[in-house]
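These notes concern the structure reproduced below.
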Amino acid sequence: MKWIVCPVGPIQANCYLVFDQTTRECLIIDPGGEFEKIKSIIGREQLHPIAILLTHAHFDHIGALDDVRDHWNLSVSVHENEADWLQDPKKNGSAYFPVTGSITARKADHLLTDHQKIIIGPFSFTVLHTPGHSPGGVSFYFEKDQVVFCGDALFKGSIGRTDQYGGDYDQLLTSLRMQLMTLPDEIVVCPGHGPSTTIEDEAENNPFLT
């Protein structure tokens, strides 16, 4: 398994194209905007999208959701705590970000729960509920491939903001310590913005966790 990071939208949210090197089947994590850019990379790499996963439903992670799902006829999964956020600009935050205007998308096809084991095509991963940045924040842990896609819960040297609708600073710290920082040191952390890191690096250097 490999992945391509594709920063999209006005806040440069990381859309991840996670693909199997043999079949070229692809999971799309957080299609936050710039559909044509995402489409171009998928075409260039000869990938075959099979599903969309959302780490959470903030506007900068869902901006191209319906364009992507309709183009490839894909199912969408989001945590059950944010089942209604895709349709609500106040909850997803776009109502307060004038550059984008109100962003909405149709309902998700599947609702995720904590520690849910999922197999989609050649991919196998665990859903870790990591709320705090938002109530339905999740991280997708691919144990075999030693990587976790954590949305806006954890960043290199920082953590997600908690001053938006449903945010909770103490809850986020609990999520990080109980769900992510218990993972093996070598696990690669792919965040919703900015560069990747590792669990070991964040345990040693992140001021919010040391």
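If you use my numbering, the sequence shown closes out at 210, no skipped numbers anywhere.
Glycine included, every Cβ here is placed at the ideal spot set by N, Cα and C.
None of the values given here were measured: they were computed from a predicted structure.
In chain order, what residues of the same chain have a beta carbon less than 6 Å from the beta carbon of residue i, not counting five sequence neighbours either side?
i: G32; result: V8, G9, A13, C15, D60, H61, G63
i: I11; result: D60
i: I29; result: Y16, L53, F149
Check residue i in the structure and name its three-state DSSP category.
i: F59; result: helix
i: V68; result: helix
i: K54; result: The sequence as given places Leu at residue 54; Lys does not occur at that position. In the structure shown, L54 sits in coil (DSSP, three-state: anything other than H, G, I, E or B).
i: F97; result: coil
i: L112; result: strand
i: N206; result: coil
i: I11; result: coil
i: T130; result: coil
i: S77; result: strand
i: Y165; result: coil
i: L47; result: coil
i: I120; result: strand
Checking 9 Å against the spacing of the C-beta atoms, do residue i and residue j come in under that value?
i: V68; j: L111; result: no
i: P195; j: K156; result: yes
i: E82; j: S124; result: no
i: H56; j: G192; result: yes
When you compare only the Cα positions, how much space is there between residue i and residue j?
i: A108; j: V76; result: 5 Å
i: Q46; j: I38; result: 12 Å
i: L86; j: K117; result: 23 Å
i: L74; j: V188; result: 27 Å
i: A213; j: D145; result: The requested residue 213 is not part of the displayed model; the chain covers only 1 to 210.
i: G43; j: T210; result: 42 Å
i: V99; j: R106; result: 21 Å
i: D201; j: Y96; result: 34 Å
i: C6; j: I41; result: 8 Å
i: D84; j: A203; result: 34 Å
Considering only residues of the same chain and omitting the five flanking positions on each side of residue i, which have a CB-CB separation below 8 Å?
i: I120; result: L27, I50, A51
i: I103; result: F59, I62, G63, P89, N92, S94
i: H115; result: T126, V127, L128, H129
Tell me which residues share the same chain as residue i and place their Cβ nearer than 7 Å to its Cβ, disregarding the 5 neighbours each side in the sequence.
i: K2; result: F19, Q21
i: E34; result: V8, G9, A64
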